[in-house]
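Participant: Residue 1 is where the sequence shown starts when you use full-length UniProt numbering, and the numbers rise one by one after that.
All residues carry an ideal CB built from backbone N, CA and C; glycine is no exception.
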Amino acid sequence: MPVHRSGTNRPAVAAALLAVLALLLTLPGAASAADKPARGSARMGMGVAAHDGVHGVPADPYATQTEGVDVSSHQGNVNWSALWTSGVKWAYVKATEGTYYKNPYFAQQYNGSYNIGMIRGAYHFATPDTSTGAAQADYFVNNGGGWSRDGKTLPGALDIEWNPYGSACYGKTQAGMVSWIRDFLARYKYRTGRDAVIYTATSWWKQCTGNYGGFASANPLWIARYSTTVGELPAGWTYYTMWQYTSSGPIVGDHNRFNGAYDRLQALAYG
């Protein structure tokens with residue numbers, strides 16, 4: 001009689017492998033890699049609601065506050081005319097992230113806000129675990145983050161907040177984070193002659209810098225807090241220059257208030 005050799009039961013093997021994979025995905029942290037956003041997709045304030053919550057919106061602004069927005073590739077082509085008509089007078093546009101990403105909508109957003117009449121600036125999303133502060137400052141300046149004394153260009157902003165791709169503090173000690181930020185700020189000033197704006201949230205600043213207060217004398221503070229009041233500020237700063245108060249405002253979502261009348265905004269642009 002002929003000998004019958006048992007072949008591999010491929011459907012059964014495939015089913016077993018899928019079962020093992022499903023079991024692995026139930027383990028803590030197993031799906032974290034799939035949940036991480038794509039590199040380059042980070043934007044200003046994307047971690048604020050998740051970490052600090054949303055606690056309402058502030059009352060109508062004082063006459064001495066000036067409305068602004070911040071945008072990134074997340075918003076695509078922006079309707080600057082509608083924003084201008086609504087009362088928005090200034091904007092910050094994401095230019096870069098790390099040393100590996102440039103906002104593909106930067107020209108439409110940066111030039112569009114300028115052309116409609118806004119005072120605008122550029123911001124850099126920091127990733128302190130990928131390269132030095134100086135290298136990222138150079139990349140930022142070389143790709144839209146420069147400054148000119150034309151009265152319509154704000155100093156560049158360093159967006160330093162929760163790491164959307166991994167551990168909140170990018171694997172750095174508090175002293176290491178302070179050193180990285182100092183490195184970025186010094187290089188930016190060397191390249192442009194201006195002190196960069198620091199965008200951050202108080203809770204992140206406490207956690208990741210130990211509530212360091214040494215930058216307050218030179219660098220304007222842009223605070224992130226989605227609430228009725230700005231709340232506690234990071235150490236050293238006795239007032240804020242800008243406040244990102246919501247990520248769900250009209251037209252683009254991310255709305256801000258400059259803590260001063262329009263002429264003070266102009267003064268910041270002129271340097």
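Which whole-angstrom value describes the C-beta separation of aspartate 35 and alanine 201, a residue pair presumed to lie in contact below a C-beta threshold of 8 Å?
Facilitator: No, aspartate 35 and alanine 201 are not in contact; Cβ-Cβ is about 21 Å, not under 8 Å.
Participant: How far does the alpha helix (DSSP H) with glutamine 174 in it extend, from its first residue to its last?
Facilitator: Element bounds for glutamine 174: 174-192.
Participant: How long is the line joining the alpha carbons of glutamine 174 and tryptophan 80, rounded to whole angstroms?
Facilitator: The alpha-carbon atoms of glutamine 174 and tryptophan 80 are separated by roughly 39 Å.
Participant: Applying the 10 Å Cβ sphere with the 16-neighbour rule, what's the burial state of glycine 98?
Facilitator: Glycine 98 should be labelled buried.
Participant: Tell me where the beta strand (DSSP E) around glutamine 244 begins and ends.
Facilitator: Its beta strand (DSSP E) spans residues 242-246.
Participant: Just the C-alpha distance for lysine 89 and glutamate 67, rounded to the nearest angstrom, thanks.
Facilitator: Rounded to whole angstroms, lysine 89 to glutamate 67 spans 6 Å at the Cα level.
Participant: Quickly, what does DSSP pair leucine 158 with across the bridge? List them, please.
Facilitator: Answer is His124 and Ile198, bridged to leucine 158.
Participant: Beta carbon of tryptophan 237, beta carbon of leucine 221: below 8 Å?
Facilitator: In this structure, leucine 221 lies closer than 8 Å to tryptophan 237 by Cβ.
Participant: Look at the Cβ atom of alanine 218, then the Cβ atom of aspartate 195, and state whether they are nearer than 8 Å.
Facilitator: Their beta carbons are under 8 Å apart, which means alanine 218 touches aspartate 195 by this criterion.
Participant: Can the beta-carbon of threonine 209 be found less than 8 Å from the beta-carbon of methionine 242?
Facilitator: Going by C-beta atoms, threonine 209 is not nearer than 8 Å to methionine 242.
Participant: Using CA atoms only, rank isn't needed, just tell me which of Tyr110, Tyr199 and Gly166 is closest to leucine 158.
Facilitator: Checking every option, the nearest Cα to that of leucine 158 belongs to Tyr199.
Participant: Give the single residue among Val252, Tyr62, Trp84 and Gln244 whose Cα lies nearest to the Cα of asparagine 77.
Facilitator: Cα-wise, what sits closest to asparagine 77 is Val252.
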